[in-house]
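K.L.:
Numbering (the working numbering), first residue to last: 52 to 208. A single structure is presented below for examination.
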């Protein structure tokens with residue numbers, strides 16, 4: 052042998068001097084897999100108290116005067132069932148004129164058994180717009196603008 056040469060035999064034959072290789076393992080190495088756990092829903096922040104009316108009930112598009120009128124009616128008689136408020140492009144049937152619904156200045160609503168009382172109250176108290184009922188229909192139409200009263204109307208003003 053020459054000096055400086057390294058000759059080895061056995062399991063560590065290819066390892067450089069001073070380093071031993073670990074023996075090979077015959078079994079495959081098992082990797083620990085994390086366990087999946089069902090998580091409970093995250094706690095939610097306290098929700099604000101629900102409003103008396105839902106956001107999508109058609110009130111948000113109303114002009115302030117129309118919204119105030121509806122609030123006055125409901126302060127006197129309780130909540131009303133909104134049928135129609137804002138309808139962009141709406142026209143009055145049979146006349147072709149632009150409806151107050153197109154500009155957020157009209158409300159159609161059901162008052163249920165209170166209809167007669169509500170209409171009488173509107174005739175007495177609502178002087179800054181119109182009050183209309185329709186023959187064969189249960190709802191009341193109110194709007195802001197010029198004053199008029201049309202009871203059991205055929206739909207034209």
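C-beta atoms are modelled at their ideal positions from N, C-alpha and C, and glycine is treated no differently.
#1: Just reading off the beta strand (DSSP E) that residue 113 is part of, what are its end residues?
#2: Which whole-angstrom value is the C-beta distance of residue 194 and residue 180, which I expect to be below 8 Å?
#3: What residue range does the alpha helix (DSSP H) around residue 136 cover?
#4: Alpha carbon to alpha carbon, how far is residue 170 from residue 189? Give it in angstroms, no decimals.
#5: Quick check on residue 177: does DSSP put it in helix, strand or coil?
#6: Just mark residue 178 as buried or exposed, buried being the case when its beta carbon has 16 or more other beta carbons within 10 Å.
#7: Rounding to the nearest angstrom, what Cα-Cα distance links residue 148 and residue 142 in this structure?
#8: May I ask you to list the residues that DSSP assigns as paired with residue 132?
#9: For the beta strand (DSSP E) that residue 200 lies in, which residues bound it at each end?
P.N.:
Short version:
#1: Per DSSP, residue 113 lies in no beta strand (DSSP E) and is assigned neither H nor E.
#2: 5 Å
#3: First-last for residue 136: undefined, no H or E at that position.
#4: 12 Å
#5: coil
#6: So residue 178 counts as exposed.
#7: 5 Å
#8: Residue 132 is bridged to 161.
#9: 199–204
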